[in-house]
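Below: the structure, in structure tokens.
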Amino acid sequence: MSGEAENPRVLTVYYTYPGGRGQRPLIRLQGKWLEDLGFQSGNKVVVEEHSGVLLIKAATNAMIEKEKAGSVR
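Using full-length UniProt numbering, the first residue of the sequence shown is number 1, and each one after it goes up by one.
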């Protein structure tokens, strides 16, 4: 996560109303650019929070196993 992004994108934060419990923010990512980066439909991703930054990366097998064991939120 160093330097400037190669192709920054400006996206809109929408709202969703899950189960009628009030509005929650929603960010939708879609496009061929995700496929070009190696994100395939059905694959798992990990989202990390860093002081106003979201880092999205492909999940490794070890991360998926931890999630199954209940140790990843």
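C-beta: ideal position from N, C-alpha, C; glycine also.
In chain order, what residues of the same chain have a beta carbon less than 7 angstroms from the beta carbon of residue i, not counting five sequence neighbours either side?
i, result
"E48", "L55"
"G38", "A58"
"P25", "V13 and Y15"
Among residues of its own chain, excluding the 5 on either side of residue i, which ones have a beta-carbon nearer than 8 angstroms to its beta-carbon?
i, result
"L11", "I27, R28 and L29"
Quickly, what does DSSP pair residue i with across the bridge? List them, please.
i, result
"Y15", "P25"
"V47", "I56"
On the DSSP letters alone, give me the boundaries of the beta strand (DSSP E) that residue i sits inside.
i, result
"residue 76", "Only positions 1 to 73 of the chain appear in the structure, and residue 76 is not among them; the question remains open."
With a Cβ-Cβ cutoff of 7 angstroms, do residue i and residue j count as a contact?
i, j, result
"K44", "I64", "yes"
"Y17", "Q23", "yes"
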